[in-house]
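Undergrad: Take a look at this one; I'll ask things after.
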Amino acid sequence: MNRRKDYVQDLVLSLSKEEKRRFTLLFSNSGKGEELALFYKLYSVYENRKSELSRDLLAVESTAITSAKKRLYNNLLRTLRDLNEDSSTDIQIQNKLTNVELLYNHSLPEQSVLELKRAYGEAQKYEKFGLILQLLDWEKRLNIVLSRPTRTLKEIKREERDILKQLTQQMDLESMYNHIVETKRKLGYAKGKDKTALEKETVKNPGMPQSNECLSNNARFYRHYIHAIYYWMTFNHIEAYNHSKELLEFDAHNIQPDDYINGIFQHITSSVCLAKFNDTLNGIVLAEALMEQYQLNQSLPFASVMFAYHANYKMIVLNYMGKQKQLKDFVQQVELRIKESGKAISADVLQIIFANLLVSYIGLNLPDRVTETRKRLLDMKKKTALRLDIHADLYLFQLFFLMQTGAYDLIKPAARSALYFFRKQADAQKVFEVEMPIALLLAKEHNYEDQKTRKELLSKCRQIVEHFISRLRGAINFQEHYSRYVIWFDAIEKGIPFHKAAKTWYEEFEDINSNVSH
283 MNRRKDYVQD LVLSLSKEEK RRFTLLFSNS GKGEELALFY KLYSVYENRK SELSRDLLAV
343 ESTAITSAKK RLYNNLLRTL RDLNEDSSTD IQIQNKLTNV ELLYNHSLPE QSVLELKRAY
403 GEAQKYEKFG LILQLLDWEK RLNIVLSRPT RTLKEIKREE RDILKQLTQQ MDLESMYNHI
463 VETKRKLGYA KGKDKTALEK ETVKNPGMPQ SNECLSNNAR FYRHYIHAIY YWMTFNHIEA
523 YNHSKELLEF DAHNIQPDDY INGIFQHITS SVCLAKFNDT LNGIVLAEAL MEQYQLNQSL
583 PFASVMFAYH ANYKMIVLNY MGKQKQLKDF VQQVELRIKE SGKAISADVL QIIFANLLVS
643 YIGLNLPDRV TETRKRLLDM KKKTALRLDI HADLYLFQLF FLMQTGAYDL IKPAARSALY
703 FFRKQADAQK VFEVEMPIAL LLAKEHNYED QKTRKELLSK CRQIVEHFIS RLRGAINFQE
763 HYSRYVIWFD AIEKGIPFHK AAKTWYEEFE DINSNVSH
């Protein structure tokens, strides 16, 4: 046991009322007139949250206390096993495997085979390949003593090879999935040479099977997942959505809970990128429900990811819809959660939240908070690498923030600073095909005091952004990262708050797309 942490105490305090009741029934010896066992006396101390041992326990030798703690810990786990024997597929199969061994050790191989078949059926149904291999190993062992073997050794070996192929394919796809997730964490979107490299490493990797070549549901899940992320990173959002919605159809028993919920997160991302805002909000509710079901809230890193998805995409949705009052209330909740969480939220997650808070403060007309949050993001750069798309956007964002706030004399040097940053990156012309033309335009001398000049510049900037959006595959005249600039240009040009321009934009966008769908 770790001296700094009392695992026995932690386990006792985590028990539910039903679990405590079952433990008491099993081990208290109540009504039998027997003296309570030392381990149960220890349980009473922990259960009542006493900080000190009673006098009779203090008189016991330390070695006996240590032994009693171990016995208490094991009996607590035994209670939990009894209560939770049917709580998950893995536990059910493992219990049947235990039964196979117990019956075999009692020279009852025929009964052992019955348990083996039940376990095998469950393992096959839920594609538990590792457990299937254990079961096949037991089948070979049982066949040595059975008067009538279940099948030939050759048949078992053939199945082992098939299972290993399925397991190998799944592991290869999981490795590819982990790679693309890490690449997304570093880059965000992929353009130019990054896009070419990503394509070779994932969707055009020799190890990527066609859909009809997938040997299991697990393989199909990870294939869809990799494609969903790839198409999101390369701005093909309709294809990203088509793949991510498939992730919702898989039986969660087949997939690791964290990957299954991450699949829902990816669908949330795909939905917001097609302005399917109701799908986005429904996806958040579904993910939170599954977090509770799989008890993943006990993982601080995973809980912080759930918070980030909820925070980021709800802010994005409310801002695009121009719902300023709801956005204000929600942003206050996000700010409070960040304050309460301290360092529990990773820097990778926090930078994305700050980036969306930055845009939300524009929607809330809070310029001081914009300046403060941008500074916090730049300060983060001193300690951790900012994601490239976030870092680049800080430069583009600043140009129009200066224009909105009337700090015209700072626009030219800010644009030159942006150009310097963009040109330092590899394949800059392709990676920053929106940002660089705008920075080049605004790096020149302009009379921003003249309303006509500002209008002409904003019109040129709008053309650059809209031209990029129009060339995207499956374009719906919307791109989650860049469409907010189109709204912002309208707000600056008309001298109105961002949320009013957003409300008008969203109403028009809804009308156009509802007419197209009909």
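So in the working numbering, the last one in the sequence shown is 800, and the numbering has no gaps at all. For glycine and all other residues, C-beta sits at the position ideal for the given N, C-alpha and C. This structure is a prediction, so every number in the text was calculated from the model and none was measured.
Say the cut is 8 Å; is the CB of glycine 565 nearer than that to a heavy atom of the ligand ZN?
TA: The model depicted lacks the ligand ZN and carries no ligand whatsoever.
Undergrad: Measuring CA to CA, which of Leu670, Tyr643, Ala674, Lys737 is closest to alanine 685?
TA: Here residue 685 turns out to be methionine, not alanine, going by the sequence shown. Minimum Cα distance to methionine 685 is reached at Lys737.
Undergrad: Below 8 Å on the Cβ atoms is my guess for glutamate 574 versus methionine 588; work out the distance and round it to an integer in Å.
TA: Going by Cβ atoms, the distance from glutamate 574 to methionine 588 rounds to 10 Å, so no, they are not a contact pair.
Undergrad: What is the DSSP secondary structure of phenylalanine 714, counted as helix, strand or coil?
TA: Phenylalanine 714 falls in the coil class under three-state DSSP.
Undergrad: If you follow the alpha helix (DSSP H) that threonine 380 is part of, which residue opens it and which one closes it?
TA: Its alpha helix (DSSP H) spans residues 371 to 387.
Undergrad: In the DSSP assignment, find the alpha helix (DSSP H) that holds proline 491 and state where it starts and stops.
TA: That residue, proline 491, is in no alpha helix (DSSP H); it is neither H nor E in DSSP.
Undergrad: Excluding five sequence neighbours on each side, which residues of the same chain lie with their C-beta closer than 6 Å to the C-beta of alanine 721?
TA: Same-chain partners within the cutoff: Ala697, Ala700, Leu701.
Undergrad: What does the Cβ neighbour count give for aspartate 675, buried or exposed, with the cut at 16 atoms within 10 Å?
TA: It is buried - the Cβ of aspartate 675 has at least 16 other Cβ atoms within 10 Å.
Undergrad: Suppose the cutoff is 6 Å on Cβ atoms and the five residues either side in sequence are ignored; what does the same chain contact list for tyrosine 690 look like?
TA: The answer, listed in chain order, is Tyr730.
Undergrad: Taking the straight line between their C-alpha atoms, what separation do you get for valine 801 and tyrosine 408?
TA: With the chain covering only 283 through 800, there is no way to say anything about residue 801.
Undergrad: Arginine 467: buried (16+ other C-beta within 10 angstroms of its C-beta) or exposed?
TA: Exposed: under 16 other Cβ atoms inside 10 Å.
Undergrad: Around the C-beta of lysine 482, are 16 or more other C-beta atoms found within 10 angstroms, so that it is buried, or is it exposed?
TA: Exposed, since its Cβ has fewer than 16 Cβ neighbours within 10 Å.
Undergrad: Let's test the definition: count the other Cβ atoms within 10 Å of the Cβ of aspartate 476 and tell me whether it reaches 16, buried, or not, exposed.
TA: Answer is buried; the Cβ neighbour count reaches 16.
Undergrad: Taking Cβ to Cβ, would you say tyrosine 602 is nearer than 9 Å to arginine 766?
TA: Closer than 9 Å, so yes.
Undergrad: With DSSP collapsed to three states, give me the class of leucine 497.
TA: Of the three classes helix, strand and coil, the one that applies to leucine 497 here is coil, per DSSP.
Undergrad: Under the three-state reduction of DSSP, which class applies to threonine 666: helix, strand or coil?
TA: In this structure, threonine 666 counts as coil in the three-state DSSP scheme.
Undergrad: Check whether the segment 445 to 460 and the segment 493 to 510 are in contact - that is, three or more C-beta pairs closer than 8 Å.
TA: As far as the Cβ criterion goes, the segment 445 to 460 touches the segment 493 to 510, which means the pair count is three or higher.
Undergrad: Going along the chain, which residues of its own chain have a beta-carbon closer than 7 Å to the beta-carbon of aspartate 540, five neighbours each way excluded?
TA: Excluding positions up to five away in sequence, the list reads Leu578, Phe584.
Undergrad: Tell me which residues share the same chain as valine 599 and place their Cβ nearer than 7 Å to its Cβ, disregarding the 5 neighbours each side in the sequence.
TA: Here the set comprises Val554, Phe559, Thr562, Leu563.
Undergrad: Going by other Cβ atoms of all chains shown within 10 Å of its Cβ, with 16 needed for buried, is valine 427 buried or exposed?
TA: The residue in question, valine 427, is exposed, as its Cβ has fewer than 16 Cβ neighbours within 10 Å.
Undergrad: Please classify alanine 472 as buried or exposed, where buried requires at least 16 neighbouring CB atoms within 10 angstroms.
TA: The residue is buried, with at least 16 neighbouring Cβ atoms inside 10 Å.
Undergrad: Does the pairing of the segment 734 to 753 with the segment 659 to 666 give three or more beta-carbon distances under 8 Å?
TA: Verdict: no, contact absent.
Undergrad: Between the alpha carbons of leucine 484 and isoleucine 758, how many angstroms are there, rounded?
TA: Checking the sequence shown, residue 484 turns out to be threonine, not leucine. Their backbone Cα atoms lie some 26 Å apart in a straight line.
Undergrad: Judging by CA-CA distance, which residue of Phe411, Glu421, Phe683 is the nearest neighbour of glutamate 397?
TA: It is Glu421 whose Cα lies nearest to the Cα of glutamate 397.
Undergrad: Considering only residues of the segment 445 to 528, which uninterrupted beta strand (DSSP E) runs meet the minimum length of 3 residues and lie entirely inside it, listed in chain order?
TA: Qualifying beta strand (DSSP E) stretches: none in this window.
Undergrad: Do lysine 439 and leucine 497 have their C-beta atoms closer together than 9 Å?
TA: No, the pair does not count as a contact, with Cβ atoms beyond the cut-off.
Undergrad: Tell me the rounded alpha-carbon separation between glycine 565 and phenylalanine 683.
TA: Using only the alpha carbons, I get a separation of about 32 Å.
Undergrad: What residue does the alpha helix (DSSP H) around isoleucine 627 start on, and which one ends it?
TA: Here isoleucine 627 belongs to no alpha helix (DSSP H), and DSSP marks it neither H nor E.
Undergrad: Measuring only the C-alpha atoms, how far is glutamine 707 from lysine 726?
TA: For glutamine 707 and lysine 726, the distance between alpha carbons rounds to 22 Å.
Undergrad: With burial defined as no fewer than 16 other Cβ atoms inside 10 Å of the residue's Cβ, what is the status of histidine 673: buried or exposed?
TA: Flag for histidine 673 reads buried.
Undergrad: Who are the near neighbours of phenylalanine 321 in its chain, counting only those whose CB is closer than 7 Å to its CB and skipping five residues on each side?
TA: Once the five neighbours on either side are set aside, the close Cβ partners of phenylalanine 321 are Ala350, Arg353, Leu354, Asn357.
Undergrad: Tell me the DSSP secondary structure of glycine 315 in three-state form.
TA: Here the model assigns glycine 315 a pLDDT of 46, short of 50, so the residue's position is not dependable and the matter cannot be decided.
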